[in-house]
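Structure first, then comments.
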Amino acid sequence: MVRIRAQHRVLGAVLTVVLSCLLQRPCALAHHGGLGIEGDLVQWALKVDQWQEEGIAEGHRIKFLSYPRQPVLGGSTRLVFEIQSTATGQYVTGLTAQLDIRTPDGTQRLVPLPEITGVTAYYEGTVTFEQEGEHTLTWHSTAGNVPFSTTFRKTVSRSPLTGDWPTLLGYSTVAAAFLVTWVGLVLSVQRRFATAWR
Amino acid sequence: MKHVLEYLGALLHLVGMLLFVGGHLWFGCLAALTERRRDDEGARFLARHLPRLANIFGAGILLLFSSGMLRLLVWGEPGLIFLPDPYGWLLLSKLILYMLIVLNGALIERRYLPYVLQECPSPTGVGTTLTLTPAWAQVKVRARLNLLLVLIVVALGEALRYSRL
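So the protein lines, in turn, are chains A and B.
Per this note's numbering, residue 158 is the first one in the first sequence, and the count goes up by one each step.
Per this note's numbering, residue 274 is the first one in the second sequence, and the count goes up by one each step.
Next comes the structure, spelled out in structure tokens:
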């Protein structure tokens, strides 16, 4: 018994040293089960402004995101675009751009997309969707007298909790994980109390 | 505030992972030490330490889940897990494996852990001795499975770095 206890202490000491070394690493390098992310840690970690889709037209890469990702009926949605030259990789500023929004019933409206001051090649508009279903969003602009356009699609839902299948699957999985954790916790606590009362 | 919560979530996630993975490694060492001495002393040693390990695993799992949820809430994206992007599929896989780990852990704790040790009359006729039962083999196999699953989850976490939204 004494020998086992001594071996146990040695193991404990080794593990403590390892844990101390690991915990002394800067926590800023941690991200979602991964370590050491590149670039701006905070922007990368918050992840709310990552591009969701992109299209290429007339030598331009058009990146697109909507925030929220799942537009909700009657709610305000930011539609953000970034334009980059596919040949040089440089960001394209100074464009006059507009967005053609086609609703599920076929009506169209044009929304101006002004360039955001201080953010290179960002063009943004805020819209309120008034119809449920798939909307077609077509970017229109002209660079060097050459017009270019590309189309993205967004499905507008009645509630942020439902809508398209990814949203539903996401919420269901998180709810299931929560339920499993809760049941596991209750069973675990129950066993401990049952043992204590025995 | 958002940044503080984000970093706190990341730190707690790491601590949870250290407790859970480290706890399993510790359990492996403990099991090896016990098995080297298949006698009453080894069994009593195990009886004293198994509940502590179960607590460490429990705390680790709770930290992993709560810090993961905290970060999902901080990111505040409807749909929460970023589907259908590659990032979302990786997160979905992590969550499914996480649920398997919790279910397996609950099974170990409820079905096998209470029956690992059995008190038998001592061969000398004085008092009783503790012996390991077949439930111990089940505990070891399932704990190894959990360690394997959690290592896959860690690997998926690493893969998240390379997924492009």
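We put the beta carbon where it would ideally sit given N, CA and C, even for glycine.
Beta carbon proximity, residue i to chain B, threshold 8 Å
{"i": "R235 of chain A", "result": "no"}
{"i": "R348 of chain A", "result": "yes"}
{"i": "I213 of chain A", "result": "no"}
{"i": "L203 of chain A", "result": "Low local confidence applies: a pLDDT of 44 at L203 of chain A is under 50, so the model's placement there is unreliable, with the coordinate-based value given in what follows. Closer than 8 Å: yes."}
{"i": "G251 of chain A", "result": "no"}
Limits of the unbroken alpha helix (DSSP H) element including residue i
{"i": "T307 of chain B", "result": "275-309"}
{"i": "S306 of chain A", "result": "It is not in any alpha helix (DSSP H) - S306 of chain A instead sits in the beta strand (DSSP E) that spans 303-313."}
{"i": "Q411 of chain B", "result": "407-433"}
{"i": "F338 of chain B", "result": "313-348"}
{"i": "S395 of chain B", "result": "Unbroken run through S395 of chain B: none, as it is neither H nor E."}
{"i": "P359 of chain B", "result": "359-380"}
Short CB-CB distance (under 8 Å) between residue i and chain A
{"i": "I354 of chain B", "result": "yes"}
{"i": "L403 of chain B", "result": "no"}
{"i": "M274 of chain B", "result": "no"}
{"i": "V412 of chain B", "result": "no"}
{"i": "P359 of chain B", "result": "no"}
{"i": "L438 of chain B", "result": "Annotation note: pLDDT 45 at L438 of chain B (below 50); position unreliable, coordinate value reported separately. Cβ-Cβ to chain A under 8 Å: yes for L438 of chain B."}
{"i": "G400 of chain B", "result": "no"}
{"i": "L421 of chain B", "result": "no"}
{"i": "G331 of chain B", "result": "yes"}
{"i": "L335 of chain B", "result": "yes"}
{"i": "L323 of chain B", "result": "no"}
{"i": "L345 of chain B", "result": "yes"}
{"i": "L418 of chain B", "result": "no"}
{"i": "V277 of chain B", "result": "no"}
For residue i, the first and last residue of its enclosing beta strand (DSSP E)
{"i": "Q288 of chain A", "result": "Per DSSP, Q288 of chain A belongs to no beta strand (DSSP E) and is neither H nor E."}
{"i": "P252 of chain A", "result": "Reading off the sequence, residue 252 of chain A comes out as Leu, not Pro. No beta strand (DSSP E) contains L252 of chain A, which DSSP labels as neither H nor E."}
{"i": "T234 of chain A", "result": "233-242"}
{"i": "V268 of chain A", "result": "265-270"}
{"i": "E210 of chain A", "result": "210-214"}
{"i": "S223 of chain A", "result": "217-224"}
Contact test: residue i Cβ vs the ligand MG heavy atom, cutoff 7 Å
{"i": "S339 of chain B", "result": "In the structure on display, the ligand MG does not appear, and there are no ligands present to speak of."}
Opposing strand residues paired with residue i [DSSP bridges]
{"i": "Q347 of chain A", "result": "Note: Q347 of chain A sits in no beta bridge, so no partner."}
{"i": "T402 of chain B", "result": "B:C393"}
{"i": "V229 of chain A", "result": "A:S314"}
{"i": "W296 of chain A", "result": "A:L256, A:T307"}
{"i": "Y328 of chain A", "result": "DSSP output for Y328 of chain A lists no bridge partner at all."}
{"i": "Y280 of chain A", "result": "A:F238, A:E272"}
Contact residues within the region 334-346 of chain A, judged by C-beta distance below 8 Å to chain B: Along the region 334-346 of chain A, the positions whose C-beta sits under 8 Å from a C-beta of chain B are A334, F335, V337, T338, V340, G341, L342, L344, S345, read in chain order.
I want to know whether the region 385-403 of chain B touches the region 308-326 of chain B - three or more CB-CB distances under 8 Å. Touching, yes.
Could you tell me whether the region 335-343 of chain A touches the region 250-258 of chain A, where touching means 3 or more Cβ pairs closer than 8 Å? Taking a cut-off of 8 Å for Cβ pairs, the region 335-343 of chain A and the region 250-258 of chain A do not touch, as fewer than three such pairs fall below it.
Could you run through the region 304-330 of chain A and flag, in chain order, every residue whose CB is less than 7 Å away from some CB of chain B? Listed by position along the chain: P317, P323, T324, L326, G327, Y328, T330.
At a Cβ cut of 9 Å, what residues of the region 286-305 of chain B count as close to chain A, listed as they run along the chain? Flagged, chain order: H286, L287, V288, M290, L291, G295, L298, W299, C302, L303.
Closer than 8 Å, Cβ to any Cβ of chain A: which residues of the region 366-384 of chain B, in chain order? Within the region 366-384 of chain B, the qualifying residues are K367, L368, I369, Y371, M372, V375, L376, G378, A379, E382, R383.
Count Cβ pairs between the region 282-296 of chain B and the region 328-347 of chain B that sit closer than 8 Å; are there 3 or more? These segments touch.
With three or more C-beta pairs closer than 8 Å as the rule, is the region 383-390 of chain B touching the region 409-416 of chain B? With a cut-off of 8 Å, the region 383-390 of chain B and the region 409-416 of chain B count as touching, because enough Cβ pairs lie within range.
With a threshold of 8 Å, are at least 3 pairs of Cβ atoms found where one atom belongs to the region 239-249 of chain A and the other to the region 276-292 of chain A? These segments touch.
Okay, do the region 413-423 of chain B and the region 290-297 of chain B touch, 3+ Cβ pairs below 8 Å being the bar? Taking 8 Å as the limit for Cβ pairs, the verdict is that the region 290-297 of chain B does touch the region 413-423 of chain B.
Check whether the region 311-331 of chain A touches the region 221-228 of chain A, counting contact only when three or more Cβ pairs, one atom from each stretch, lie closer than 8 Å. Contact holds: three or more Cβ-Cβ distances are below 8 Å.
Contact between the region 300-309 of chain B and the region 353-366 of chain B is defined here as three or more beta-carbon pairs at a separation below 8 Å; is this criterion met? These segments do not touch.
Taking 8 Å as the threshold, find out whether the region 295-303 of chain A comes into contact with the region 322-334 of chain B through three or more Cβ pairs. No, because fewer than three Cβ pairs between the region 295-303 of chain A and the region 322-334 of chain B fall closer than 8 Å, the two stretches do not touch.
Segment contact flag, the region 375-385 of chain B with the region 342-353 of chain A, C-beta cutoff 8 Å, min 3 pairs: Verdict: yes, contact present.
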